[in-house]
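Beneath this line is the structure, given in structure tokens, with notes to follow.
Number of protein chains: 2
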Amino acid sequence: MRLFLGVDMGGTRIKAGLLTEDGELLEKKNIPTKAERGKETALSNLTSLIESFSSNRNITAIGLSIASPLDPWNGILYNPPNLPGFDVFDLKSYLKDRISIPFVIDNDANCYALGEWWKGAGRGARVLLCITLGTGIGGGLVVNGNIWHGAHGLGGEFGHITINIDGPSCNCGNRGCFEAMGSSKYLMECYKKLSGKEATPDKIYKLALEGNEAALESFRLLGRNIAVGLASLCNALDPDVAVIGGGLSNAGMLLLDCVKVHFEPLLLSGLRGKVKLRLAELKDYAGVYGAAYLAIKSLKGGEA
Amino acid sequence: MRLFLGVDMGGTRIKAGLLTEDGELLEKKNIPTKAERGKETALSNLTSLIESFSSNRNITAIGLSIASPLDPWNGILYNPPNLPGFDVFDLKSYLKDRISIPFVIDNDANCYALGEWWKGAGRGARVLLCITLGTGIGGGLVVNGNIWHGAHGLGGEFGHITINIDGPSCNCGNRGCFEAMGSSKYLMECYKKLSGKEATPDKIYKLALEGNEAALESFRLLGRNIAVGLASLCNALDPDVAVIGGGLSNAGMLLLDCVKVHFEPLLLSGLRGKVKLRLAELKDYAGVYGAAYLAIKSLKGGEA
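Structural data, given as structure tokens:
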């Protein structure tokens, strides 16, 4: 039985899972990234975690999911916002000198989408469109099991489509981006405007479940924006499954219902009833699954 | 030398071109569709035009570009808005009974994009994103020479991404679609609002060239919206070339300059300077080229 390691490195934690070729998760582990201590610490934590799996086992290949814009063909990271000090960093060369097992690298949102396609809410989809909602919005597009990379490896940045040309400003410098109007930041802003109080997304979710009107209305406003962004992407790309994941998707059916009420009428008539809108299933370990699948696929010679 | 026929059937005219495998256009012809006389007339004009090429020549394969939402795998048209009476129509079966030459069918905007990829402004692009601006907005995405069809054959409907959630209503029933804010209809509305007069897009273009301020400002407003829609699509999909075609692109550099001034800053920082923004080159015959390439490619066994 061949073993594969999926590793998902974020700004806060590094997760890893040992998987079989069929996608059975045999063992998992996660440690803090300690990104705030700088590049060397984060990298040393990454390699230690890998070694903790590989030192006493024969691992066939490793897939690495990294929270960074990157060149997936050459494994070069471009200024990961949550990994301070990395700037432009050749992770592939760095790891080649330290790990003797074949590995592949991809962006975290891409791996998340691929994981959901392989073993989650997007199983069997021909075209899977996935958004991850959190502080920002990430995205991934999976076509017959292949990640859409675009021409420069930056494909799937769904957070930066404009949904309101005159909307609020976004971290990217533009106005009315999907990310500025469909992320947890927007939820918190809505709630503050409606209630006069500050609260975390988790707290607003709890309040909404208890029937708090400001919290419910905040989710309704957020849901409409998510529906607009998602339907735009679906109209452009015609997926058969659209998956909502990321931290905000922990609001589950409450969030999904707020999106669904607007989503279907926003689709082109030819797509209505044809795009399955689902919550992510693998959640925290979607990236680990996706990274492992990437490793498995790399051995088969296809570009994942 | 093998010969291929590219045919492009719109609501107004049917165009056809005889091409070599290398893309040399040997002969072209166009006739009125007479769509207003109904389905039988339009179909009979289509088959007559094909026969006028095939009766005295050995044509290897035919590509058909049709102004209709369609199922490209089964050649079924879905309610083409400018071909009255077609409703849902199995064009593939209809033509199989009448034409003995192998043929393939695709949507007109897809063929337009493929034509520009093969012999126009998108030559050599890894990922080509093409929009056609006219009364509406069509789109096509070409990836390594393959048309992006999506899961149901409706991929590339770029006119129906939302660029302003609170914007003007669109023919599709929603608000603020790219089509409602980036097409010639919007240009005419702007000009009317600014000048109090009605004018065709051609007339507004002429006035703009003469320095008419209302006409110039109409192009500026249109250009901003086109930039927003195009940059959204580029941020999501990461093409290396984006092509602007369709009737409105006859406004050439005037239009392109109005788009360019907004386009670059709207791109994600990683894409700035990397997406080539160009006007379509083949114009009226892009669809014919694309359809012919589709025919050539179908013989090679690849899905175009």
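For the protein sequence lines, the chains are A and B, in the order given. Per this note's numbering, the very first residue in the first sequence carries number 1; after that it's consecutive. Per this note's numbering, the very first residue in the second sequence carries number 1001; after that it's consecutive. Where a beta carbon is used, it is the ideal one built from N, C-alpha and C, also for glycine.
Beta-carbon separation (whole angstroms), residue i vs residue j, contact threshold 8 Å
i: residue 1131 (chain B); j: residue 1230 (chain B); result: 7 Å
i: residue 282 (chain A); j: residue 289 (chain A); result: 6 Å
i: residue 6 (chain A); j: residue 63 (chain A); result: 5 Å
i: residue 1163 (chain B); j: residue 1232 (chain B); result: 7 Å
i: residue 382 (chain A); j: residue 263 (chain A); result: In the structure as shown, chain A starts at 1 and stops at 304, and residue 382 (chain A) therefore has no counterpart that could be examined.
i: residue 45 (chain A); j: residue 14 (chain A); result: 6 Å
i: residue 1178 (chain B); j: residue 1165 (chain B); result: Their Cβ separation, rounded to whole angstroms, is 13 Å, which puts residue 1178 (chain B) and residue 1165 (chain B) out of contact at 8 Å.
i: residue 1180 (chain B); j: residue 1190 (chain B); result: Wrong, their Cβ atoms sit about 12 Å apart, outside the cutoff.
i: residue 248 (chain A); j: residue 254 (chain A); result: With 8 Å as the limit, residue 248 (chain A) and residue 254 (chain A) do not qualify as a contact, their Cβ atoms being about 11 Å apart.
i: residue 1127 (chain B); j: residue 1143 (chain B); result: 6 Å
Closest Cα partner of residue i within the set the options
i: residue 16 (chain A); options: A:29, A:48, A:4 and A:239; result: A:29
i: residue 109 (chain A); options: A:75, A:151 and A:159; result: A:159
i: residue 125 (chain A); options: A:73, A:114, A:94 and A:207; result: A:114
i: residue 1116 (chain B); options: B:1298, B:1197 and B:1294; result: B:1294
i: residue 265 (chain A); options: B:1284, B:1182, B:1175 and B:1205; result: B:1175
i: residue 4 (chain A); options: A:101, A:181 and A:127; result: A:101
i: residue 245 (chain A); options: A:182, A:190, A:94 and A:195; result: A:182
i: residue 286 (chain A); options: A:86, A:120 and A:178; result: A:120
i: residue 1066 (chain B); options: B:1094, B:1002, B:1040 and B:1111; result: B:1111
i: residue 1268 (chain B); options: B:1297, B:1234 and B:1296; result: B:1234
i: residue 326 (chain A); options: A:142, A:69 and A:284; result: Since the displayed chain A opens at 1 and closes at 304, residue 326 (chain A) lies outside it and no answer follows.
i: residue 223 (chain A); options: A:206, A:199, A:187 and A:204; result: A:187
i: residue 201 (chain A); options: A:259, A:86 and A:218; result: A:218
i: residue 1039 (chain B); options: B:1049, B:1080, B:1018 and B:1002; result: B:1080
i: residue 194 (chain A); options: A:205, A:210, A:216 and A:203; result: A:216
i: residue 1258 (chain B); options: B:1205, B:1239, B:1241 and B:1299; result: B:1205
i: residue 275 (chain A); options: A:98, A:168, A:86 and A:129; result: A:129
i: residue 1150 (chain B); options: A:151, A:239 and A:122; result: A:239
i: residue 1196 (chain B); options: B:1180, B:1210 and B:1214; result: B:1214
i: residue 1296 (chain B); options: B:1082, B:1050 and B:1019; result: B:1019
i: residue 139 (chain A); options: A:106, A:168 and A:94; result: A:106
i: residue 122 (chain A); options: A:300, A:277, A:298 and A:299; result: A:277
i: residue 1135 (chain B); options: B:1143, B:1221 and B:1082; result: B:1082
i: residue 69 (chain A); options: B:1208, B:1271 and B:1298; result: B:1271
i: residue 42 (chain A); options: A:298, A:95, A:300 and A:198; result: A:95
i: residue 1097 (chain B); options: B:1145, B:1047 and B:1058; result: B:1047
i: residue 168 (chain A); options: A:185, A:152 and A:153; result: A:185
i: residue 157 (chain A); options: A:172, A:52, A:250 and A:241; result: A:172
i: residue 1252 (chain B); options: B:1209, B:1241, B:1273 and B:1104; result: B:1209
i: residue 250 (chain A); options: A:198, A:211 and A:203; result: A:203
i: residue 1242 (chain B); options: B:1141, B:1011, B:1086 and B:1049; result: B:1141
i: residue 10 (chain A); options: A:221, A:84, A:99 and A:299; result: A:84
Continuous beta strand (DSSP E) stretch holding residue i: start and end
i: residue 1036 (chain B); result: Residue 1036 (chain B) -> no beta strand (DSSP E), and no H or E assigned at all.
i: residue 1059 (chain B); result: 1059 to 1066
i: residue 17 (chain A); result: 13 to 20
i: residue 1242 (chain B); result: 1241 to 1245
i: residue 1095 (chain B); result: Where residue 1095 (chain B) is concerned, there is no enclosing beta strand (DSSP E), although the alpha helix (DSSP H) it sits in stretches over 1091 to 1096.
i: residue 132 (chain A); result: 127 to 133
i: residue 145 (chain A); result: Neither: residue 145 (chain A) is in no beta strand (DSSP E) and is coded neither H nor E.
Limits of the alpha helix (DSSP H) - the one that residue i falls within
i: residue 259 (chain A); result: 252 to 266
i: residue 1278 (chain B); result: Note, residue 1278 (chain B): premise wrong, no alpha helix (DSSP H); beta strand (DSSP E) at 1276 to 1279.
i: residue 111 (chain A); result: 108 to 119
i: residue 1224 (chain B); result: 1213 to 1237
i: residue 1078 (chain B); result: It is not in any alpha helix (DSSP H) - residue 1078 (chain B) instead sits in the beta strand (DSSP E) that spans 1076 to 1078.
i: residue 10 (chain A); result: Neither: residue 10 (chain A) is in no alpha helix (DSSP H) and is coded neither H nor E.
i: residue 1294 (chain B); result: 1286 to 1299
Any non-hydrogen atom of the ligand ADP closer than 8 Å to residue i Cβ
i: residue 230 (chain A); result: Annotation note on the ligand ADP: not contained in the displayed structure, which lists no ligands.
Are the stretch 84 to 91 of chain A and the stretch 19 to 34 of chain A in contact at 8 Å, needing three or more beta carbon pairs? no
Between the stretch 18 to 26 of chain A and the stretch 69 to 87 of chain A, are three or more C-beta pairs nearer than 8 Å? no
Length at least 3, wholly inside the stretch 1160 to 1203 of chain B: the beta strand (DSSP E) runs in chain order: none
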